[in-house]
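Sequential numbering of the sequence shown, starting at 10, is according to my numbering. The beta carbon of each residue, even a glycine, is placed where N, CA and C say it ideally should be.
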Amino acid sequence: CERLLAIKFDNAEAWILKGIALYELGRFKDAISAYDHALMVDPRHAKVYYNKGIALADMGRHQEAIAAYDKAIEIVPDYARAFYNKGISLYEINRFDEALVAFDKACLFDPDDIWVWYYKGFILARQDKSEAAVEAADTFIRHEPGHADIWAIKGIALYKLGRYNEAILALQQALTLNPEMPDALLHLGLSYAQTSRHPDAVEAFTKALETGPSSAAILYQRGLALFHLKEYREANADFDHALSLEPENSDAWYRKGVSSVFQSRYEDALVALARTLDLDSNHTGSWYYRGIALARLGRHKEAVDSFENTLALDPDCASAAYQEGISYASLGRFSEAVAAYDHAIHISPGFADALYHKGYALAKLGRNEDAVMEYNRALTHDPVNAQTSFQKGALLAKLGRYEEAIASFDKSICLKPDSAQPHYDKGLALLKLERF
């Protein structure tokens, strides 16, 4: 073409051939110059605008590429490849809605171009249009099943739709094709976690950490899976690592606090939960577990305050009302304990432990008949609780109702034969009845 250009400088086809050759050599800037010369000779040559657009796009000059594709489309309105490549450039500069319009046009003029669906899948996923993303991915996969990234897009979209078992299958397929995809491994782990397959989740998160750089999100999720497996020490190690990367992660501080409570490391729990509350003073769970930790340390007045804060944020938290009652009782404030237990029972009428402890508090207030009634209610919901049967028997004996007391002691003994106290108190009741 150089010889031809030397003879006839205004030969458009020669400039086009030169541009194509330069493009193939990776000399994109020179190729664009050649295409511009061709357009000076023939300004209505759609293919030249198209080729120029591709060269500009390969240089990352997507705005100019889009303008070139638009010129090609202006000349040839049904130019499917120009619409397709325009869509790619729009995608690259995050103009997703316009990209979808371009891809739809490309599909209209060339229904057999499967790669349109590939890019549509990515864009729809980025826009959180998960149903449409799955449909686009499936359309592409039916024709081209060997691309890991589109399987991953499908799997992540399915995860967002809450279709976890389908997500697992799609993500497994993605990882079969490409085992080193941290985002696919992360969402595989999340899908496993949502289906309570926590050992599988730990394995997926571990592979994600081995495949990519350390990520606070993945470390947190692995810690959470370990937490659900009651591997609290290992969970805390992951929460600590996550916090070293992302110190303001309130979820990690919270889970570290709860995990510390379950390890009986109450001072550590208070430190972690205080950090959570610094970051989010309305974090209900942190107030609740702060109360639990304080109660375990014998700091019941502070525990009551924490449970009050919990109930201010979540008035229907029966556990907080119950634990508040326990702390009031530990302080000897039995009337307030009864009120707290009543709150818990109002929220959850079958709360057997609250009914039992209400009975115990009523007994401490000398309201023995009322206490017996609460023990009976507790046994309705938890008939195999040996301690409730024993306490009921003790109160009945105190009321002089020895036959009923003996029946309660017998039930307690039947449930827990190796407990000495019911045997002893039964003996005392028998003595009172002169049944030597």
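Fully contained in the stretch 194 to 269 are the following alpha helix (DSSP H) runs of length 4 or more, in chain order: 207 to 220, 225 to 237 and 241 to 254. Under the criterion of beta carbons closer than 8 Å, residue 89 and residue 54 do not qualify as touching, at roughly 17 Å.
Non-local beta-carbon contacts of residue 144 in its own chain, meaning distances under 6 Å to residues more than five positions away in sequence, are absent. Going by beta carbons, residue 336 and residue 360 fall outside the 8 Å limit. Sequence-distant Cβ neighbours of residue 123 in its own chain, meaning closer than 8 Å and more than five residues away, are 148, 149, 152 and 153.
Ranked by Cα distance from residue 387, the first of 397, 267 and 379 is 397. Nearest to residue 98 by alpha-carbon distance, out of 281, 391 and 59, is 59.
Secondary structure of residue 382 (DSSP, three-state): helix. Following the DSSP letters along the chain, one finds residue 49 inside the alpha helix (DSSP H) bounded by residues 37 to 50. Look at residue 423 here: in three-state DSSP terms it is helix. The residues 227, in chain order, have a CB closer than 6 Å to that of residue 218 in the same chain once the five nearest residues on each side in sequence are set aside. Counting only the Cα atoms, residue 62 lies some 8 Å from residue 76. Secondary structure of residue 189 (DSSP, three-state): coil.
For residue 131, the enclosing alpha helix (DSSP H) begins and ends at 124 to 135. When the Cα atoms are used, residue 439 and residue 427 turn out to be separated by approximately 19 Å. The criterion of a C-beta distance shorter than 8 Å is satisfied by residue 189 and residue 220. Apart from sequence neighbours up to five positions away, the residues of its chain that approach residue 332 with a beta-carbon distance below 7 Å are 300, 301, 304 and 316, ordered along the chain.
Taking C-beta separations shorter than 7 Å and ignoring five residues to either side along the sequence, the partners of residue 115 in its chain run 89, 92, 93, 96, 122 and 125, following chain order.
A direct Cα-Cα distance of roughly 13 Å separates residue 355 from residue 329. Ranking 434, 425, 389 and 307 by CA distance to the CA of residue 410 puts 434 first. By the CB criterion at 8 Å, residue 368 and residue 378 fall outside the cutoff. Pairing residue 288 with residue 372, the inter-Cα distance amounts to about 43 Å. Ranked by Cα distance from residue 243, the first of 232, 251 and 237 is 232. Here residue 338 is near residue 370, since their CB atoms are less than 8 Å apart.
In the three-state scheme derived from DSSP, where H, G and I count as helix and E and B as strand, residue 61 is classed as helix. About 7 Å separates the beta carbon of residue 259 from that of residue 292, a gap short enough to meet the 8 Å contact definition.
For residue 433, the three-state secondary structure derived from DSSP is helix. Judged by their CB atoms, residue 395 and residue 421 are nearer to each other than the 8 Å cut-off. Distance from the Cα of residue 423 is smallest, within the candidate group 392, 403 and 71, for 392. Residue 298 sits close to residue 270, with the two beta carbons spaced by under 8 Å. Here the alpha carbons of residue 170 and residue 334 stand approximately 41 Å from one another.
Ranked by Cα distance from residue 341, the first of 430, 48 and 374 is 374. Contact annotation: residue 142 and residue 161 have beta-carbon atoms that are not nearer than 8 Å.
Counting only unbroken stretches of 4 or more residues, the alpha helix (DSSP H) elements lying wholly within the stretch 336 to 371 are 343 to 356, in sequence order.
Here the alpha carbon of residue 185 sits roughly 8 Å from the alpha carbon of residue 157.
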